[in-house]
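Visitor:
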Amino acid sequence: MDRIITNRQISLMVYCITVGYGIIDLPSDAAEGSGTGAWFSLLTLAIIFVGIICLITYLQYIFEGRTLYEYGQVILGKFTAHIIVSIYIIYFFINFSMIGRLYTSSIGIIFLVNTPTLAIIILFYIVVLYALIKGINTISRLCELYGILNIVGFLFINLFFIMKGKFVHIQPLFVSQDLSIYFKGIFKNVFAFLGLEILFTIPFNKKDNEKVLRYTTFIMIVIGILYISIVESTISVTGVDIIVNYELSLFNVIRAVDTYYLEFLRRFDGIFMIYWSMNIVCAVCLWGYGVVTFTSKIAKNINYKYITVATTIVAVIVGLIPKTKNQAEEIIKYNSYLGVILNIVVITSLLIIIRVKKDVKKI
Numbered sequence: 000m001d002r003i004i005t006n007r008q009i010s011l012m013v014y015c016i017t018v019g020y021g022i023i024d025l026p027s028d029a030a031e032g033s034g035t036g037a038w039f040s041l042l043t044l045a046i047i048f049v050g051i052i053c054l055i056t057y058l059q060y061i062f063e064g065r066t067l068y069e070y071g072q073v074i075l076g077k078f079t080a081h082i083i084v085s086i087y088i089i090y091f092f093i094n095f096s097m098i099g100r101l102y103t104s105s106i107g108i109i110f111l112v113n114t115p116t117l118a119i120i121i122l123f124y125i126v127v128l129y130a131l132i133k134g135i136n137t138i139s140r141l142c143e144l145y146g147i148l149n150i151v152g153f154l155f156i157n158l159f160f161i162m163k164g165k166f167v168h169i170q171p172l173f174v175s176q177d178l179s180i181y182f183k184g185i186f187k188n189v190f191a192f193l194g195l196e197i198l199f200t201i202p203f204n205k206k207d208n209e210k211v212l213r214y215t216t217f218i219m220i221v222i223g224i225l226y227i228s229i230v231e232s233t234i235s236v237t238g239v240d241i242i243v244n245y246e247l248s249l250f251n252v253i254r255a256v257d258t259y260y261l262e263f264l265r266r267f268d269g270i271f272m273i274y275w276s277m278n279i280v281c282a283v284c285l286w287g288y289g290v291v292t293f294t295s296k297i298a299k300n301i302n303y304k305y306i307t308v309a310t311t312i313v314a315v316i317v318g319l320i321p322k323t324k325n326q327a328e329e330i331i332k333y334n335s336y337l338g339v340i341l342n343i344v345v346i347t348s349l350l351i352i353i354r355v356k357k358d359v360k361k362i
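Under numbering that gives the first Met the number 0, the very last position in the sequence shown is 362; numbers go up by exactly one each time.
Pasting the structure below:
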């Protein structure tokens, strides 16, 4: 690394990769899964992922200057570590290619109706490739700027939705008899919380990242609050029965909200697409960085730039394989389940083995 990545940059990288494509369909997915009790499902998920990010941050911190690839070999052995890192490469790559495809398809549907998907996706990945070649320092600075703008933008969205919404649309807030439905709804929204595993690829410095746990925990709490507020305020505008039928639900509700008293913001959907696109670029860059970083660890004899170019080209090709946007979303859904299982298994195994080894040393 050319320079130390600050705690704020680390936390905003987590924000950008997490609050990426998933938020645009989060209101409809959450409402479909849990109805007006969507806030409870999201709160439960937020608590779970706060715990997960604390554990990942702890592992990265105690193994100073190393990634999962390095300390995984020490704890689990070289063979097992290679298998785990290889699975993470596949997991990162699927998100890297499919999120790019979903985003470019969305742009095509909304703005560039007559433009071929191939042209949009190639242009998009050229931008991503440039950022990847520049390295994590450039990406972290990009996330620091775009992440703050994104948070401010969503605060404005919430304000507009609250002014236009009706409390009756989000009632009843909680029905004890529907508790099982709320818990089932958790699986519908898992994708929106994934991305924090990118921390496995970022070495920490104990001196400069001493308070990193506070920053990562705080940003995950912010993400949880943001998701709950966005979903509840969106539902308050349209109601559950309408929002579940929307594709790109957040964008379409924003398009329907007109702010007569702010002439330059009357079409807030255009402004939303700008800062949402900023987040998508950061998110895809980080997913790609995860692929390239772990691949370069395994294939040490291949130049980083060659791996980056090859990964990007393959991502464009793979991203075009799904015939429709819905097929790409299905792939993302199953990959999300892989991510959750992988994180739980890897983190639990590492912590247990570390604990056992410490106990053995004491005997």
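Just so you know, even glycine gets a beta-carbon here, dropped at the ideal spot from N, CA and C.
Kindly indicate the opening and closing residues of the alpha helix (DSSP H) around Thr137.
Guide: Its alpha helix (DSSP H) spans residues 135-163.
Visitor: Which of the three DSSP states, helix, strand or coil, is assigned to Ala298?
Guide: DSSP places Ala298 in coil when its eight states are reduced to three.
Visitor: When we look at the beta-carbon of Thr56 and count the other beta-carbons within 10 Å, is it buried (16 or more) or exposed?
Guide: Buried: at least 16 other Cβ atoms inside 10 Å.
Visitor: What is the DSSP secondary structure of Tyr245, counted as helix, strand or coil?
Guide: The answer is coil: DSSP assigns Tyr245 none of H, G, I, E or B.
Visitor: Less than 8 Å separating the beta-carbons of Leu101 and Cys281?
Guide: Not in contact: Leu101 and Cys281 (Cβ atoms no closer than 8 Å).
Visitor: In angstroms with no decimal places, state the Cα-to-Cα distance between Gly107 and Ile270.
Guide: Cα to Cα, Gly107 sits roughly 17 Å from Ile270.
Visitor: CA-CA distance, Gly164 and Ala130?
Guide: For Gly164 and Ala130, the distance between alpha carbons rounds to 39 Å.
Visitor: Using three-state DSSP, classify Met0 as helix, strand or coil.
Guide: Below a pLDDT of 50, predicted positions are generally treated as unreliable, and Met0, at 41, falls in that range; the measurement from the model is reported next regardless. Coil.
Visitor: Whole-angstrom Cβ separation of Ala309 and Gly99, contact assumed at under 8 Å?
Guide: So it is not a contact: roughly 16 Å between Cβ atoms.
Visitor: Where does Phe160 land, buried or exposed, given buried means 16+ other C-beta within 10 angstroms?
Guide: Burial call: buried.
Visitor: Look at the alpha carbon of Thr215 and the alpha carbon of Gln170, and state the distance between them as a whole number of angstroms.
Guide: Going by the C-alpha atoms only, they are around 33 Å apart.
Visitor: Given a cut-off of 8 Å, decide if Gly223 and Leu54 are closer than it, judged by their beta-carbon atoms.
Guide: Result no, Cβ atoms of Leu54 and Gly223 do not sit closer than 8 Å.
Visitor: Classify Asp28 as helix, strand or coil using the three-state DSSP reduction.
Guide: Residue state, collapsed to three classes: helix.
Visitor: For the alpha helix (DSSP H) holding Asn6, just list the boundary residues, first then last.
Guide: Residues 6-17.
Visitor: Take Ile201 and list the residues in its own chain whose beta-carbon comes closer than 8 Å to its own, dropping the five residues that flank it on each side.
Guide: Taken in chain order, the residues that qualify are Ile4, Ile9, Met12, Gln59, Thr66, Ile135.
Visitor: Would you call the stretch 113-128 and the stretch 339-351 in contact, with 3 or more CB pairs under 8 Å?
Guide: Judged by Cβ distances under 8 Å, the stretch 113-128 makes no contact with the stretch 339-351, as fewer than three pairs qualify.
Visitor: Give me the Cα-Cα distance between Tyr87 and Phe78, rounded to the nearest whole angstrom.
Guide: Taking the straight line joining both Cα atoms gives about 15 Å.
Visitor: Select from Leu25, Val339, Ile331 the residue whose C-alpha is nearest the C-alpha of Ile242.
Guide: Comparing Cα-Cα distances from Ile242 to each of Leu25, Val339, Ile331, the minimum goes to Leu25.
Visitor: By DSSP, does Glu328 sit in helix, in strand, or in coil?
Guide: Three-state DSSP puts Glu328 in a helix.
Visitor: Thinking Ser40 and Gly184 are a contact (beta carbons under 8 Å), I'd like their distance in whole angstroms, please.
Guide: Yes, Ser40 and Gly184 are in contact; Cβ-Cβ is about 4 Å, under 8 Å.
Visitor: Go ahead and pull the three-state DSSP assignment for Leu285.
Guide: The answer is helix: DSSP assigns Leu285 an H, G or I state.
Visitor: Could you pull the start and end residues of the alpha helix (DSSP H) that Val174 belongs to?
Guide: No alpha helix (DSSP H) contains Val174, which DSSP labels as neither H nor E.
Visitor: Phe62 by DSSP, collapsed to three states: which one?
Guide: It is coil, neither helix nor strand.
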